[in-house]
Amino acid sequence: IQIERELRSAIAADIIEPHYQPLVSLKGERIIGFEALARWKNRTLGCIPPDVFVPIAEETGLIHALGDQLFRRACFDANAWPGTFTLAFNVSPIQLRDPTLGLRILAILGETGFSPRRLELEITESAFMDNRGVAKAVIDELRQAGVRIALDDFGTGYATLSQLLSFRLDKIKIDRSFVSHLDDSADSRVIVRAILGLAQGFGLTTTAEGVEDAAQLAYLVANGCTEGQGYLFSKAVPAADIPALLHRES
Ligand code: G
Ligand code: G
Ligand code: MN
Ligand code: NA
212 IQIERELRSA IAADIIEPHY QPLVSLKGER IIGFEALARW KNRTLGCIPP DVFVPIAEET
272 GLIHALGDQL FRRACFDANA WPGTFTLAFN VSPIQLRDPT LGLRILAILG ETGFSPRRLE
332 LEITESAFMD NRGVAKAVID ELRQAGVRIA LDDFGTGYAT LSQLLSFRLD KIKIDRSFVS
392 HLDDSADSRV IVRAILGLAQ GFGLTTTAEG VEDAAQLAYL VANGCTEGQG YLFSKAVPAA
452 DIPALLHRES
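In my numbering, each number is its position in the sequence shown, counted from 1, plus 211.
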């Protein structure tokens with residue numbers, strides 16, 4: 212309850228800010244975009260991770276205001292990046308129950324001048340479970356405007372393959388729990404290879420999450436994964452650190 216009150220005032224004061232983790236093309240290992248990850252530093256409670264405050268924002272309905280606020284900020288920040296870079300932004304299943312979400316996202320894109328073609332929204336399998344009609348309509352509306360849709364944390368949810376196919380996706384993000392065990396689990400290697408095969412068969416791009424070492428990277432490259440993300444490349448950094456990160460690369 213204290214945290215809910217703190218969350219309300221943090222949103223009112225626009226204190227929660229996106230940090231950015233690079234998305235790296237595995238062909239040539241170049242940064243091609245960033246995923247926005249919300250960070251909240253509270254005076255009394257310290258750094259509160261999104262695993263903690265996002266569920267509270269979802270339960271209280273604050274996620275709609277918080278999501279809009281973070282998205283507007285992320286579009287402003289992303290306008291400073293090279294013109295080909297993608298912004299990946301997480302959208303909660305609760306946000307996708309709101310039939311006005313698509314219009315609000317398009318309005319923020321218009322207001323900030325950030326191109327829908329450079330935006331990739333990350334949704335999770337639970338978005339398919341409840342209120343599928345609304346989620347589907349919102350996603351169709353955004354895709355029609357040129358926004359790409361990525362399925363986040365793939366392999367951890369309960370959606371069936373046929374449910375997945377009924378939504379048009381552009382990308383699958385392979386959950387970190389599989390990638391982190393590539394070195395020591397034959398099962399994880401089979402699962403990752405199967406996901407990559409499935410994605411290729413449907414013409415989807417793939418991002419491996421949580422890439423931490425060279426052996427994992429080599430396995431992913433050998434099996435046709437298109438993009439990676441993880442501490443091997445960089446953790447999420449504040450917007451102000453991005454120029455230095457890009458300079459280091461060139
Ligand atoms: O950044 P990592 O630090 O801890 O993120 C943890 C979880 O919080 C991830 O599942 C991520 O998708 C989610 N998350 C981070 N930022 C946002 C955000 O801006 N919106 C939503 N809906 N989820 C987010
Ligand atoms: O949106 P999503 O569920 O994918 O959130 C990504 C989460 O994974 C964030 O909490 C982010 O900080 C975390 N993360 C990103 N890269 C790595 C990594 O290489 N290793 C680990 N352990 N966590 C990571
Ligand atoms: Mn994500
Ligand atoms: Na994820």
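Yeah, the Cβ is synthetic: ideal placement off N, Cα and C, and Gly gets one too.
Secondary structure of Gly-368 (DSSP, three-state): coil. Runs of the beta strand (DSSP E) spanning 3 or more residues and lying entirely within the region 325-412 occur at 330-334, 359-365 and 382-385, in chain order. Secondary structure of Val-422 (DSSP, three-state): coil. In this structure Ser-377 is not in contact with Gln-232, their Cβ atoms being roughly 30 Å apart against a cut-off of 8 Å. Secondary structure in the region 232-257: the beta strand (DSSP E) runs of 3 residues or longer, each lying completely within the stretch, are 241-253 in chain order.
In the assembly as shown, Arg-359 is a buried residue. Its beta-carbon has 16 or more other beta-carbons within 10 Å. With the criterion CB distance below 5 Å from any heavy atom of ligand 3, the matching residues run Asn-301, Glu-333 and Asp-363 along the chain. If you draw a 10 Å sphere on the C-beta of Gln-213, you find fewer than 16 other C-beta atoms in it, and that means exposed. Under DSSP, no beta-bridge partner is assigned to Asn-434. With a threshold of 7 Å, the Cβ atom of Leu-307 does not count as near ligand 2, since no heavy atom of the ligand is closer than that. Scanning its chain for C-beta atoms nearer than 7 Å, with the 5 sequence neighbours on each side dropped, one finds around His-275 the residues Gln-306 and Asp-309, in chain order.
Of the residues assessed, Glu-336 falls on the buried side of the cut-off, its CB having 16 or more other CB atoms within 10 angstroms. By the criterion of a C-beta distance shorter than 7 Å, Leu-312 is surrounded in its chain by Gln-306 and Val-349, once the five residues flanking it on both sides are discounted. In this structure Ala-426 does not touch Asp-398 by the C-beta definition: roughly 17 Å separates them, more than the 8 Å allowed. If you check the CB distance, Leu-256 and Glu-215 do not come in under 8 Å.
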